[in-house]
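Asks: Have a look at this one.
There are 2 protein chains.
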Amino acid sequence: MSARAIPYRPHNHDACVSQALADARAICQQHNARLTPIRERVLELIWQSHKPLGAYDVLGELSSDGHNAAPPTVYRALDFLQQNGLVHRIASLNAFIGCTHAGQSHTGMFLICRACSNVLELTAPMVTSEVCKAAAGEGFRAENTTLEIAGLCPRCQAEPGHD
Amino acid sequence: MSARAIPYRPHNHDACVSQALADARAICQQHNARLTPIRERVLELIWQSHKPLGAYDVLGELSSDGHNAAPPTVYRALDFLQQNGLVHRIASLNAFIGCTHAGQSHTGMFLICRACSNVLELTAPMVTSEVCKAAAGEGFRAENTTLEIAGLCPRCQAEPGHD
DNA sequence: GCAAAATTTGCAACATTATAACATTTGCAC
DNA sequence: GTGCAAATGTTATAATGTTGCAAATTTTGC
């Protein structure tokens with residue numbers, strides 16, 4: 003898996019999408035999980051941009067496709083994709099974003115720009131290790147970490163209004 | 003502000019509540035903010051336990067009080083309490099919990115037991131500093147951090163089923 | 001005190017996000 | 001091709017959160 007583009011900066015986004023889909027196919031094959039057309043399509047929609055997409059946004063896009071979908075269709079696809087580490091749910095936004103570290107075991111940390119909405123996923127080993135240390139200090143067995151940072155991305159600090 | 007009780011362990015919870023209410027009164031006075039009866043009552047309800055309470059749970063309790071409340075009443079009170087640093091919203095649970103560090107500027111980190119639902123709020127300076135470092139490394143200006151750890155508290159690791 | 005202004009609350013409707021329950025179809029093993 | 005498990009379709013509903021405006025209360029300026 004090669005270096006990732008920075009979401010905040012213009013880039014060849016089609017490459018992001020094809021990479022993500024290729025990774026997904028490989029990972030599902032490994033897991034013996036079925037990346038059905040709906041699931042793949044939902045993943046593709048999530049990867050339309052580096053902005054988190056709500057379940058009902060996905061639903062809307064599916065409808066534009068001519069697909070007669072209802073909420074459970076979307077939520078089931080999203081559950082599947084989450085199970086297989088292909089998308090993350092951003093709890094503070096009730097929205098979903100493609101995982102940029104699919105296949106790597108990781109604890110995601112998300113930098114969410116409040117101006118342009120783009121999200122950068124990081125793995126910050128030092129953060130993870132301090133979190134574990136803090137939890138362990140209380141005798142707590144950490145299983146799942148939600149770490150979401152809202153703020154301003156470099157681009158929006160300089161000049162506002164990108165999307 | 004004295005040492006805090008550990009939510010996972012039995013303790014004199016009335017003391018938590020009165021401490022929280024006393025702190026709240028002091029803080030609101032400082033801020034020239036009005037801790038009206040409704041707001042105080044909502045804070046008290048939130049502090050019923052160390053388990054996060056949903057907005058509609060609060061609403062239900064208000065109704066049991068005989069108070070004829072609608073959702074906006076609760077959400078407005080919760081907003082006020084959040085503004086003044088008296089409660090936190092747990093994004094991963096859509097629920098609210100009393101702040102155990104009211105008055106101190108802090109970035110909360112929450113240890114959420116999936117078995118007993120109790121939540122411990124920590125301030126972990128090393129975590130905060132690593133988070134800032136990681137964000138800064140990307141040129142990101144962090145404004146607001148959501149850090150929620152789900153897992154098992156010490157008590158529930160030993161024997162399950164507490165509440 | 002008293003009227004004007006600002007804040008808070010009441011209230012009705014509605015918007016958004018997510019799930020439950022059950023029927024139907026599809027893919028796969030044998 | 002029969003039978004089973006997984007995936008999808010469909011309808012309804014639950015859970016969470018917001019908007020907009022009117023009424024009541026509190027504060028402020030005088």
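Sequence lines, in order, name chains A and B. Counting in this note's numbering, the first sequence runs from 3 upward without gaps. Counting in this note's numbering, the second sequence runs from 3 upward without gaps. In this text, a Cβ means the ideal position worked out from N, Cα and C, and glycines have one as well.
1) Kindly give me the distance between the Cβ atoms of B:V133 and A:V121, rounded to whole angstroms, as I take these residues to be in contact under 8 angstroms.
2) Enumerate in chain order the residues of its own chain whose CB-to-CB distance from B:P9 is below 6 angstroms, with the five nearest sequence positions on each side excluded.
3) Taking A:G56 as the reference, which of A:A79, A:S131, A:G105 and A:L23 has the closest Cα?
4) Using a Cβ-Cβ cut-off of 8 angstroms (strictly less than) and excluding sequence neighbours within five positions of B:N14, which residues of its own chain qualify?
5) Indicate whether at least one CB of chain B lies closer than 9 angstroms to the CB of A:K135.
6) Under 6 angstroms Cβ to Cβ from B:G100, same chain only, skipping five residues before and after it: list those, please.
7) Count the other C-beta atoms from every protein chain shown that fall within 10 angstroms of the C-beta of B:P74, then say buried if there are 16 or more, exposed otherwise.
8) Determine the contact status of B:G141 and B:I114, defining contact as a CB-CB distance below 9 angstroms.
9) If we ignore side chains and look at the alpha-carbon of each, how far apart do A:D67 and A:A138 end up?
10) Report the neighbours of A:S94 on chain B: residues whose CB is nearer than 7 angstroms to its CB, in chain order.
11) When the Cα of B:Q31 is compared with those of B:V76, B:E161 and B:N86, which residue comes out closest?
12) Do A:L61 and A:V76 have their CB atoms nearer than 9 angstroms?
13) By DSSP, does B:R36 sit in helix, in strand, or in coil?
14) Does any residue of chain A bring its CB to less than 9 angstroms from the CB of B:F142?
15) Closer than 9 angstroms, CB to CB, is B:V129 near chain A or not?
16) Report the rounded CA-to-CA distance for B:A160 versus A:A126, giving the unit in angstroms.
17) If we ignore side chains and look at the alpha-carbon of each, how far apart do A:N34 and B:A28 end up?
18) Going by CA-CA distance only, name the one from B:G110, B:A136 and B:A24 that's closest to B:E42.
19) What number of angstroms, rounded off, separates the C-alpha of A:T109 from the C-alpha of B:H69?
20) For A:A152, return the contacting residues in chain B, with the cut-off set at a CB-CB distance below 9 angstroms.
21) What does the alpha-carbon distance come out to for the pair A:M111 and A:L45?
22) I believe A:A93 touches A:T148 by the beta-carbon criterion, under 8 angstroms. Please report the beta-carbon distance rounded to the nearest angstrom.
23) My output table needs one value for A:T109: the three-state DSSP class, helix, strand or coil.
24) From A:F82 to A:A104, what distance separates their C-alpha atoms?
25) Using the Cα positions of A:S54 and B:A97, report the straight-line distance between them to the nearest angstrom.
26) What does the Cβ neighbour count give for A:E145, buried or exposed, with the cut at 16 atoms within 10 Å?
27) Shorter than 9 angstroms from the beta carbon of A:L55 to some beta carbon of chain B?
28) So A:E161 contacts chain B; which residues on that side make the cut at Cβ distance below 7 angstroms?
29) For B:P148, report the span of its alpha helix (DSSP H) as first-last.
30) Whose Cβ in chain A lies nearer than 9 angstroms to the Cβ of B:P156?
31) Which residues share a DSSP beta bridge with B:E123?
32) Taking all protein chains shown into account, do 16 or more other C-beta atoms lie within 10 angstroms of the C-beta of B:T38, making it buried, or fewer, making it exposed?
33) Please state the DSSP three-state secondary structure of A:I99.
34) If we define contact as Cβ-Cβ less than 9 angstroms, is B:C115 a contact residue for chain A?
35) Using 9 angstroms as the limit for Cβ to Cβ distance, is B:L122 near chain A?
Replies: On the basis of the coordinates in this document:
1) Incorrect: roughly 16 angstroms between the Cβ atoms, too far for contact.
2) H52, N120 and L122
3) A:A79
4) A7
5) yes
6) The beta carbon of B:G100 sits closer than 6 angstroms to the beta carbons of A22, I48, W49 and V89 from its chain, once the five residues preceding and following it are set aside; these are given in chain order.
7) exposed
8) Not in contact: B:G141 and B:I114 (Cβ atoms no closer than 9 angstroms).
9) 48 angstroms
10) A93 and T148
11) The residue with the shortest Cα to Cα distance from B:Q31 is B:N86.
12) Result yes, Cβ atoms of A:L61 and A:V76 sit closer than 9 angstroms.
13) coil
14) Judged by the 9 angstroms Cβ criterion, B:F142 is in contact with chain A.
15) yes
16) 31 angstroms
17) 59 angstroms
18) B:A24
19) 44 angstroms
20) A144, E145, N146, T147 and T148
21) 20 angstroms
22) 5 angstroms
23) coil
24) When rounded, the separation of the alpha-carbon atoms in A:F82 and A:A104 is 14 angstroms.
25) The question names Ser, but residue 54 of chain A in the sequence shown is Pro. Each residue's alpha carbon lies about 22 angstroms from the other.
26) Answer is exposed; the Cβ neighbour count stays below 16.
27) no
28) The contacting residues do not exist; A:E161 stays about 14 angstroms from chain B at best.
29) What sits at residue 148 of chain B in the sequence shown is Thr, not Pro. Counting along the chain, B:T148 falls outside any alpha helix (DSSP H), though it belongs to the beta strand (DSSP E) covering R143 to L154.
30) In chain order: E140, G141, F142 and R143.
31) B:F112
32) exposed
33) strand
34) Residue contact check for B:C115 against chain A: a CB pair falls below 9 angstroms.
35) Answer yes: the Cβ-Cβ gap between B:L122 and chain A drops below 9 angstroms somewhere.
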